Each structure stands twice: as structure tokens, then as C-alpha cells.
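The numbering of the sequence shown is the working numbering, which starts it at 48 and goes up by one.
Where a beta carbon is used, it is the ideal one built from N, C-alpha and C, also for glycine.
Given the structure is predicted, the values throughout are model-derived calculations rather than measurements.
Since the structure comes first, as C-alpha cells, the remarks are kept for the end.
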Amino acid sequence: IYVEAGDEKSVLACFEEGLRGGFGAVVAEIARLSMTASRRLQLAAESSGAIGIAIRRWRRQTEATDFGQPTAAETRWRVSVLPSTPLPVQGVGRARWQLELIRCRAGESADFEVEACDAKGRIALPSNVVDRPLQKEIERRRASA
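Here it is, written out as C-alpha cells:
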């Protein structure tokens with residue numbers, strides 16, 4: 048189901064209704080998310096077992112100042128674009144992104160570089176990232192947990 052709402056208040060109302068209404072997941076694009084609104088959404092998701100994803104991007108610089116404000120979200124991620132993977136021949140390589148886990152309740156922050164889907168539809172870690180020392184430390188921690 049795709050919904051377009053006229054303003055932020057309507058987007059938040061649809062977001063909450065979707066979370067409470069039995070959807071498995073709800074994705075909403077909003078510029079501002081207050082602590083009160085995020086708490087309502089978090090409680091709605093918690094009570095129904097749904098996943099709520101608030102994509103926060105802004106179109107005006109005044110909206111960007113709100114990004115650092117605290118929310119009730121379980122996690123906070125930042126997604127940034129990276130240069131595409133160089134190819135051995137001239138052309139555009141697979142798209143790449145930097146995923147930063149900025150906040151994780153009861154967890155550690157982390158960041159990942161990922162590449163766009165391959166022919167089988169899988170997102171991949173670039174080969175130069177898989178072999179880096181930090182990745183080996185992460186794997187060691189997971190194995191001991």
C-alpha cells in the first residue's frame with residue numbers, strides 16, 4: 048500500500064495507523080520527528096510486532112537542524128553514497144553506500160560499506176572491506192558470543 052499525505056502530521060498519523068493496523072513493516076519519509084511522535088511510533092511498533100522505518104531526509108537546510116535531536120528509535124542509521132567500484136574497463140561500476148549505525152540501544156555503533164545487488168540479487172561487502180582487520184575482530188566477537 049502506498050500513501051501520500053499532505054503534511055507531516057498526516058504522514059505521522061498514517062505511519063502510526065499502519066504500525067497498529069497489522070502491517071509487517073511500514074516505511075515513511077519525514078523531515079522532522081519529535082521525541083513524542085517517535086515514542087508513539089515506537090510503542091505502536093512494539094505492541095504490534097511491526098517494523099517501522101522512518102526515512103529522514105530534508106529538502107531545506109532548516110529541516111536538517113532537526114536531525115541530531117533525540118528520538119525513541121531503537122536504532123539510528125546514516126546512509127551516504129560512496130564512489131562506485133572501479134572496473135577493469137571503462138564504465139560505471141556497482142553503486143556503493145556507507146551505512147553507519149549511529150545509535151543502537153544496548154549495542155555498539157558500527158559502519159559498513161555495501162555494494163549494490165549482484166546478478167543473484169544479493170547485497171555484498173566489497174572485497175577490500177571483508178579482509179580488513181576490523182572485520183576479523185567483529186567475526187571473532189560474534190563467534191565468542
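Please report the straight-line C-alpha distance between residue i and residue j, rounded to a whole angstrom.
i, j, result
"residue 55", "residue 83", "14 Å"
"residue 118", "residue 78", "13 Å"
"residue 74", "residue 88", "12 Å"
"residue 126", "residue 100", "13 Å"
"residue 152", "residue 135", "42 Å"
"residue 159", "residue 130", "14 Å"
"residue 69", "residue 133", "44 Å"
"residue 102", "residue 86", "16 Å"
Helix, strand or coil: how does DSSP classify residue i here?
i, result
"residue 159", "strand"
"residue 99", "strand"
"residue 128", "strand"
"residue 108", "helix"
"residue 83", "helix"
"residue 120", "coil"
"residue 51", "coil"
"residue 2", "There is no way to answer for residue 2, as the model of the chain reaches only from 48 to 192."
"residue 145", "strand"
"residue 164", "coil"
Quick check on the burial criterion: 16 or more other C-beta atoms within 10 angstroms. Buried or exposed for residue i?
i, result
"residue 80", "buried"
"residue 57", "exposed"
"residue 65", "buried"
"residue 94", "exposed"
Please confirm whether residue i and residue j have their CB atoms less than 8 Å apart.
i, j, result
"residue 142", "residue 163", "yes"
"residue 63", "residue 91", "yes"
"residue 138", "residue 97", "no"
"residue 104", "residue 76", "yes"
"residue 161", "residue 170", "yes"
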